[in-house]
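Heads up: the sequence shown runs through residues 106 to 232, numbered per this note's numbering.
Here a beta-carbon is modelled for each residue, glycine too, at the ideal position from N, C-alpha and C.
This structure is a prediction, so every number in the text was calculated from the model and none was measured.
Right, one structure below, let's go through it.
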Amino acid sequence: MQKAVESWKRYIRSEDSTIVDVFVGQLRSSLRCTSCDHVSVTLDPFWDLSLPIPARSGTVKLSQCLEHFTREEVLDGDEKPTCSKCQMRRKCTKSFSIQKFPKILVIRILFFTHILMNIYSYRKHIL
């Protein structure tokens, strides 16, 4: 928590304005090594959240898009990052959470991501 407060204070020192006070939040990215359990945390300011639509048929609720955005993801194979403790490329889990909400949260729904993935998948089966 202290790291988040310090990171936010650094950002505000260089970007302080009424707009920032209203529209900017802080996103927490956590990377956990599955070998040593070391957790690396990155804190970044954000002006909006770009939420993908989960692969589902029918109606999708905003809460489902948020859950999809914040779900834990496994990074393995070519995506394996280097663990800062092990100093080796390791299988890791990555997750996002909102450390500090802005007063007004701007959300972009990535409608076309789901459509493009379906088109790519369809083309792959044809080729």
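Asked                                                                                                                                                                            : Found
Label Gly130 either buried or exposed according to how many other C-beta atoms from any shown protein chain fall within 10 Å of its C-beta, with 16 as the threshold for buried. : buried
Apart from the five residues just before and just after Glu177, which ones in its own chain have a Cβ nearer than 6 Å to its Cβ?                                                 : Thr198 and Ser200
Are the stretch 122-129 and the stretch 169-188 touching by the rule of at least three beta carbon pairs closer than 8 Å?                                                        : no
Have a look at Ile231 and Asp183 and give me their C-alpha separation to the nearest angstrom.                                                                                   : Note that Ile231 scores 46 on pLDDT, short of 50, meaning its location in the model is unreliable; the coordinates nonetheless yield the value given after this. So the alpha carbons of these two residues sit roughly 26 Å apart.
Specify the secondary structure class of Lys199 as computed by DSSP and reduced to three states.                                                                                 : strand
Am I right that Arg133 and Leu148 are in contact with their C-beta atoms under 8 Å? What's the rounded C-beta distance?                                                          : 6 Å
Around the C-beta of Phe156, are 16 or more other C-beta atoms found within 10 angstroms, so that it is buried, or is it exposed?                                                : Sequence check: residue 156 is Leu here, not Phe. So Leu156 counts as buried.
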